[in-house]
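A.B. asks:
Chains as they are written, first to last, in my numbering: chain A, 9 to 691; chain B, 4 to 102; chain C, 25 to 243.
(1) Between residue 699(A) and residue 539(A), what straight-line distance do the alpha-carbon atoms span, to the nearest angstrom?
(2) So, at 8 Å on beta carbons, what are the nonlocal neighbours of residue 512(A) in its own chain, with the 5 sequence-adjacent residues on each side left out?
(3) So within the segment 321-366 of chain A, which uninterrupted alpha helix (DSSP H) runs reach at least 4 residues, ignoring any that extend past its ends?
(4) Compare the C-beta of residue 655(A) against all C-beta atoms of chain B and say whether one is closer than 8 Å.
(5) Given that residue 673(A) touches chain B, what residues does it touch there, using C-beta distances under 7 Å?
(6) Using beta-carbon positions only, say whether residue 314(A) and residue 333(A) come within less than 8 Å of one another.
(7) Quick one: list the residues of chain B neighbouring residue 86(C), beta-carbon separation under 8 Å, in chain order.
(8) For the beta strand (DSSP E) containing residue 83(A), list its first residue and its last residue.
(9) Taking only beta-carbon atoms, is residue 176(A) less than 8 Å away from chain D?
(10) Considering only C-alpha positions, which residue in the set 408(A), 387(A), 480(A) is nearest to residue 468(A)?
(11) Given a cut-off of 8 Å, decide if residue 84(C) and residue 61(C) are closer than it, judged by their beta-carbon atoms.
(12) In the DSSP assignment, find the unbroken beta strand (DSSP E) run with residue 120(A) in it and report its ends.
(13) Might you give, ordered along the chain, the residues of its own chain that have their beta carbon closer than 7 Å to the beta carbon of residue 631(A), omitting 5 neighbours on each side?
(14) In the DSSP assignment, what are the bridge partners of residue 97(A)?
(15) Anything in the segment 84-97 of chain B with a Cβ closer than 9 Å to a Cβ of chain A? List those residues in chain order, please.
(16) Please classify residue 34(A) as buried or exposed, where buried requires at least 16 other C-beta atoms within 10 Å of its C-beta.
(17) Quick one, which residues of the segment 27-45 of chain B are near chain C if we go by CB-CB under 9 Å, in chain order?
(18) For residue 213(A), list the residues DSSP reports as bridge partners.
(19) If contacts are defined as beta-carbon pairs under 8 Å, then residue 60(A) and residue 28(A) qualify, I think. What distance do you get, rounded to the angstrom?
(20) Listing by chain order, which chain B residues have their CB less than 8 Å from the CB of residue 119(C)?
(21) Determine which residues share a DSSP beta bridge with residue 381(A) and list them.
(22) Strictly below 7 Å CB to CB, what residues from chain A border residue 129(C)?
(23) Starting from residue 19(B), find everything on chain C with Cβ-Cβ shorter than 9 Å and list it in chain order.
(24) What separation, rounded to the nearest whole angstrom, lies between the Cα atoms of residue 64(B) and residue 668(A)?
(25) Quick check: is the beta carbon of residue 183(C) nearer than 8 Å to any beta carbon in chain B?
(26) Is the beta carbon of residue 321(A) closer than 8 Å to that of residue 327(A)?
(27) Starting from residue 55(B), follow the alpha helix (DSSP H) in both directions and report where the run begins and ends.
(28) Classify residue 98(B) as helix, strand or coil using the three-state DSSP reduction.
(29) Where residue 357(A) and residue 597(A) are concerned, what is the direct C-alpha to C-alpha distance, given to the nearest angstrom?
(30) With contact counted as at least three CB pairs below 8 Å, one residue from each stretch, are the segment 247-259 of chain A and the segment 223-233 of chain A in contact?
(31) List the whole-angstrom C-beta distance separating residue 13(C) from residue 33(B), where the pair is believed to meet the contact cut-off of C-beta under 8 Å.
(32) At least one CB of chain A closer than 8 Å to the CB of residue 100(B): is that the case?
(33) Interface residues of chain B around residue 626(A) at Cβ under 9 Å?
(34) Within a Cβ cutoff of 6 Å, which residues of the same chain sit near residue 420(A), ignoring the five residues on either side of it in sequence?
(35) Flag this pair as touching only if the segment 80-99 of chain A and the segment 129-137 of chain A have three or more C-beta atom pairs under 8 Å; answer yes or no.
(36) According to DSSP, which residues form a beta bridge with residue 92(A)?
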């Protein structure tokens with residue numbers, strides 16, 4: 009079976025899974041107590057993963073210079089200079105991405121079977137989730153700009169469907185719309201960027217486009233105006249999808265979706281689409297260093313700002329969301345300075361430990377009967393041992409402590425950033441500052457939730473009984489909910505009791521621990537070598553660094569991580585709560601740095617700024633259009649005027665139909681006279 | 004008299020008929036004036052037939068008379084029907100086909 | 025001699041025409057038209073169209089005008105005086121002025137057409153006349169033409185007459201057949217004596233019927 013056939017199969021299975029679950033809704037009913045739809049969905053993605061492995065093996069069978077394979081199913085249009093085909097590109101980068109995506113997705117599907125148990129929308133959920141995986145795979149396998157844009161848009165749509173999955177919650181639907189609108193802004197950037205690039209290369213095919221760029225379609229000096237514009241617009245698309253400043257405001261709100269959705273879409277896959285885009289378009293970006301700089305700066309800013317916001321959040325899912333934002337900032341920074349392998353390696357390890365963290369958070373939320381606020385949690389260490397262990401593993405990986413995977417990937421990015429020299433040292437410093445913040449907020453979360461006095465739910469669970477709320481409520485607004493339709497189901501699942509959750513989390517934990525071993529600096533270069541054919545034309549692909557800088561960097565990273573954990577322990581660790589449950593040291597710090605705290609808790613006021621700058625003027629324009637323009641100009645002048653003219657004209661014409669026979673006779677005589685006159689003139 | 008005298012008379016009669024159709028209000032008289040116009044045309048036909056020397060004009064004049072008879076029949080029938088319905092016998096009042 | 029006759033007949037024609045247009049009483053207008061028709065028959069004779077002249081007097085003046093007389097007697101129609109008409113409003117007087125102008129325009133145009141031909145073709149006395157049994161204008165001549173060259177026109181004209189006759193009967197007949205007794209009026213011996221649906225004038229005007237006359241005629 010040829011490599012590209014494996015590629016098409018990778019796309020076919022999730023699509024088939026989506027169709028089967030969607031069309032089988034009637035057979036299994038929404039709630040699907042036998043979880044048939046769940047197993048079908050998981051099976052479909054697992055088959056996709058197997059095919060991705062097949063593609064990997066088959067790809068490695070080719071020689072290194074022949075590992076970029078394009079296969080086209082049919083032509084959409086080949087006229088007026090546009091070559092629109094349905095073609096996929098199977099090369100090391102896309103195989104890497106489909107392995108990560110399908111692998112993590114399989115585990116998340118498995119986890120969801122238990123998590124979404126007894127939810128009325130069980131079948132709908134798996135249908136949407138399969139659709140999402142199909143779209144993401146389409147995005148990374150796309151062989152031309154057209155399919156890339158199609159996959160991009162589908163992923164945004166799937167994200168909307170899944171965020172507002174519990175559609176009866178107004179908070180969820182608002183969040184879904186917000187995510188979709190911001191994603192559409194990114195889509196517009198992507199499409200416009202494509203146009204700017206197409207203008208010069210004249211082809212939509214990716215490989216042909218890159219070849220054209222390399223052979224001078226944009227001139228021979230860097231920073232051609234159109235290319236920079238195109239790349240910056242592509243970056244806009246990447247920022248919207250990957251939740252970078254200033255298009256990031258949708259990601260925390262997207263936590264309204266079910267936790268596995270947050271785990272898949274907003275940690276491991278969709279938000280990494282921006283990173284993939286920049287890595288894929290590297291021939292274009294390398295010829296537009298200005299755009300690369302923009303990406304690096306924005307990545308660094310996001311990294312830092314998200315880290316600070318994460319320090320002050322109380323909703324556990326939002327802490328992890330800001331952590332995602334911060335880590336994606338690392339990746340964007342990495343691929344923007346040219347550290348492609350490092351950035352993608354971090355993408356892989358991050359997928360593992362972030363998905364693991366979200367799954368564990370889901371288990372914890374289940375134990376809390378749907379409550380998500382850190383302020384109501386505490387002391388779950390004895391009640392949820394497995395979940396605690398997963399949190400620790402994920403947290404250590406996230407903080408970059410050796411030998412966990414996060415350590416290797418994160419430090420490699422920073423190393424390469426530092427190596428670029430010049431002002432890139434600032435990125436290096438910001439990166440390490442961010443590492444401290446990462447460790448602090450991660451372990452703040454862990455210590456607050458698992459250490460200290462057990463709360464009521466924890467004690468109930470230690471006694472062997474899973475807590476249930478008397479009346480199901482929306483955790484954000486407290487309004488009552490009905491578990492029958494459009495709201496979360498009545499049951500909550502925890503990892504300790506559901507074996508699918510345990511299996512998924514264990515596999516991810518293994519990945520979080522061991523994935524770093526494939527790319528130990530100076531020792532093995534599995535990822536580097538694997539991805540090399542894609543980045544054959546990239547400048548400075550290999551980390552050339554001096555060993556001394558490397559060792560300093562690695563040690564610094566470890567020390568900063570440990571320092572962060574120690575600080576978190578001091579503030580939120582054992583015995584730090586006072587009589588009314590507030591952390592004394594934390595409260596003291598909060599009091600001393602009040603303005604800073606306010607800034608962090610209000611997420612640096614981005615939402616308010618966007619509201620003021622964008623939403624309010626547009627809403628005012630809309631109101632003006634409706635009340636004034638539409639009413640006065642269109643209705644009264646244009647439409648009223650047109651109908652008035654017609655009415656007057658027809659009234660004038662109607663006057664001729666008087667009914668007087670004598671007038672008609674007179675008209676006849678006039679007619680006769682006229683005809684006679686005409687003939688008289690003729691002679 | 005030469006033919007053009009006859010044609011002149013025909014023209015006068017025709018014009019008088021047209022004037023009557025446009026001026027009178029009683030539908031009966033309007034029909035009478037219509038007859039006038041037809042007779043004017045008949046005279047012109049006979050005159051031209053005399054000019055050419057063949058009988059085509061005369062045949063046509065006979066046919067015109069036939070048509071006139073039918074038309075009078077129908078028209079008078081309509082007026083009788085209108086009268087029977089107690090509607091005013093006045094073309095200015097009978098104008099429902101307006102607008 | 026023929027010129028004198030022509031002028032007498034022409035004056036008769038034009039006087040009759042003017043009478044039709046001007047006379048208020050419709051009965052007098054009908055009489056004026058009869059005079060006009062007879063004078064026209066004389067003019068036809070002067071043009072050697074013997075048969076057509078006879079047809080004119082017999083059919084037109086004889087049958088059609090008699091029909092007109094009957095209907096005028098039935099319907100009547102009040103002639104209105106000039107004063108009444110002027111008081112009625114502008115539409116009528118405006119129409120009279122407009123009508124006069126238009127009629128005049130038509131007349132002027134026809135004269136231009138007549139005179140504009142240069143008076144050559146029509147300045148003669150027509151083609152030559154050869155008297156004989158089937159000469160121009162005799163019934164034999166017309167009959168031969170009707171049955172040979174103009175057979176189709178002849179047949180169509182007769183068909184048209186049939187249609188016209190039926191149409192006239194249909195239009196003018198009284199509606200309804202045997203009506204129910206509406207019981208609104210008292211039955212007098214005189215009512216019983218008058219048979220129903222026989223077309224008496226009293227029935228027509230609705231004063232003699234037992235039943236409600238107005239509704240029968242669908243007003």
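Every residue, glycine too, gets a C-beta built ideally from N, C-alpha and C.
C.D. replies: Concretely, from the data shown:
(1) Residue 699(A) is absent from the model: chain A starts at 9 and stops at 691.
(2) 115, 116, 118, 119, 367
(3) 324-344
(4) no
(5) 24, 25
(6) yes
(7) Ordered by position in chain B, no residue passes the 8 Å Cβ test against residue 86(C), which lies about 11 Å from the chain.
(8) 77-87
(9) No chain D is part of this structure, whose protein chains are labelled A, B and C.
(10) 387(A)
(11) yes
(12) Unbroken run through residue 120(A) is the alpha helix (DSSP H), 100-123; no beta strand (DSSP E).
(13) none
(14) 78(A)
(15) 94, 95, 97
(16) exposed
(17) 27, 28, 29, 30, 31, 32, 34, 35, 36, 38, 39, 42, 43, 45
(18) 152(A)
(19) Wrong, their Cβ atoms sit about 20 Å apart, outside the cutoff.
(20) 25, 26
(21) 323(A)
(22) 681
(23) 38, 41, 42, 44, 45, 127, 131
(24) 31 Å
(25) no
(26) yes
(27) 30-55
(28) coil
(29) 34 Å
(30) no
(31) Because chain C here runs from 25 to 243, residue 13(C) falls outside it and cannot be looked at.
(32) yes
(33) Neighbours of residue 626(A) on chain B: none; closest Cβ ~50 Å, over 9 Å.
(34) 350
(35) no
(36) 85(A)
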